[in-house]
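Novice:
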Amino acid sequence: MSRTLRYDLYVITDEALSHGLSHVEIARRAVEGGADVIQLRDKGMSGKGLTKCALEIREVTRKAGALFIVNDRLDVALASGADGVHLGQDDIPASSARAISPPGFIIGVSVGNVEEAVQAERDGADYVGLGPICHTASKSDAGPACGFDVIASVKKAVSIPVVAIGGLGPQNAGKAIEAGADGIAVISAVVGQADIAGAARRLKYIIVEAKHRK
Ligand code: TZP
Ligand code: MG
């Protein structure tokens with residue numbers, strides 16, 4: 005059965021950038037504010053710790069009707085029953101991940117330009133995370149900002165959803181949607197705020213409004 009996948013507000017958990025909250029609590033508050041997707045992202049946590057978090061977030065997102073994606077770790081994503089995995093350019097290729105994943109499993113790939121996006125689609129990605137659109141302090145190796153124009157170029161070049169990421173928030177999310185993004189992925193604009201649910205709710209409103217104007 006085909007599902008309608010909505011990536012409008014895609015929130016990436018980050019304990020270090022939050023006000024002392026756990027991944028699970030961040031996820032709980034973000035879905036309360038209407039996040040459509042939660043990505044569990046922790047580069048330092050053990051597989052054991054990540055799996056424990058993932059199993060808890062799986063329950064939180066299931067109840068809220070949100071998608072749950074695990075960053076980097078296909079093994080943790082599969083073991084926890086997540087909806088999918090998000091892979092970087094240096095992670096296991098999407099085609100290899102697809103070969104060992106169940107039907108309907110979502111595979112997202114980080115891209116920074118048209119060429120990488122086209123390749124990701126060819127490899128079987130279900131969506132691309134395109135960025136960093138603007139400067140971001142949340143990812144030390146994010147590379148230079150690619151700007152808003154690349155969103156339209158990538159959107160023209162692929163037929164899978166394009167989720168814009170990097171330095172986005174209430175001030176520029178509408179611009180990214182108008183440029184062609186299907187969704188907005190954020191850390192600091194939601195996770196870094198004192199009121200995570202409120203920040204998610206406001207940002208979701210801006211995204212949905214911008215989509216209605218398109
Ligand atoms: N990938 C590209 S930019 C980025 C990631 C994980 C960080 C996004 O964080 P923020 O705070 O929304 O700029
Ligand atoms: Mg990665």
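Numbered as in our numbering, the sequence shown ends at 218 without a single skipped number. The beta carbon of each residue, even a glycine, is placed where N, CA and C say it ideally should be. Since the model is a prediction, treat every value here as computed from it, not as a measurement.
1) Closer than 7 angstroms: is that where the CB of L44 sits relative to any heavy atom of the ligand MG?
2) Thinking C-alpha only, which one of R102, D87, F109 and A177 is nearest T65?
3) Please list the segments of the beta strand (DSSP E) lying wholly inside the stretch 10-53, counting only runs of 3 or more residues, in order along the chain.
4) Can you tell me where the alpha helix (DSSP H) holding A203 begins and where it ends?
5) Taking all protein chains shown into account, do 16 or more other C-beta atoms lie within 10 angstroms of the C-beta of G53, making it buried, or fewer, making it exposed?
6) Under 7 angstroms Cβ to Cβ from R206, same chain only, skipping five residues before and after it: list those, please.
7) For the alpha helix (DSSP H) that contains I155, what are its first and last residues?
8) Under 8 angstroms: do the stretch 33-43 and the stretch 65-84 share three or more Cβ pairs, one atom per stretch?
9) Return yes when at least one heavy atom of the ligand MG lies under 7 angstroms from the C-beta of G51, else no.
10) Which partner residues does S192 have in the DSSP bridge list?
11) DSSP three-state call for I111: helix, strand or coil?
12) Would you say G171 and A214 are within 8 angstroms of each other, going by their C-beta atoms?
13) Straight-line CA distance for P97 to G37?
14) With C-beta atoms as the reference, is I211 less than 8 angstroms away from L13?
15) Check each residue's C-beta against every heavy atom of the ligand MG and list, in chain order, those closer than 5 angstroms.
16) Rank M49, G151 and R62 by C-alpha distance to the C-alpha of A31 and give the top, closest one.
17) Excluding the 5 residues flanking K159 on each side, which residues of the same chain have their C-beta closer than 7 angstroms to its C-beta?
18) What does A168 pair with, by DSSP beta-bridge criteria?
19) Smallest Cα separation from V35: which of D79, L134, S105 and K208?
20) Which runs of the beta strand (DSSP E) at least 3 residues long sit entirely within the stretch 77-110? Give them in chain order.
21) Mind reading off the beta-carbon distance from A168 to I188? Whole number of angstroms is fine, and I expect it under 8 angstroms.
Specialist: For this structure:
1) no
2) D87
3) 13-16 and 41-44
4) I200 to R217
5) exposed
6) P174
7) D153 to A161
8) As far as the Cβ criterion goes, the stretch 33-43 touches the stretch 65-84, which means the pair count is three or higher.
9) no
10) S192 pairs with nothing; no bridge assigned.
11) Under the three-state reduction of DSSP, I111 is assigned to strand.
12) Contact: no.
13) Using only the alpha carbons, I get a separation of about 33 angstroms.
14) yes
15) D76, G92 and D95
16) R62
17) So the qualifying residues of the chain are V166 and G184.
18) L134 and I188
19) Nearest of D79, L134, S105 and K208 to V35, Cα basis: K208.
20) Counting whole runs of 3 or more residues, the stretch 77-110 contains the beta strand (DSSP E) stretches 88-91.
21) 6 angstroms
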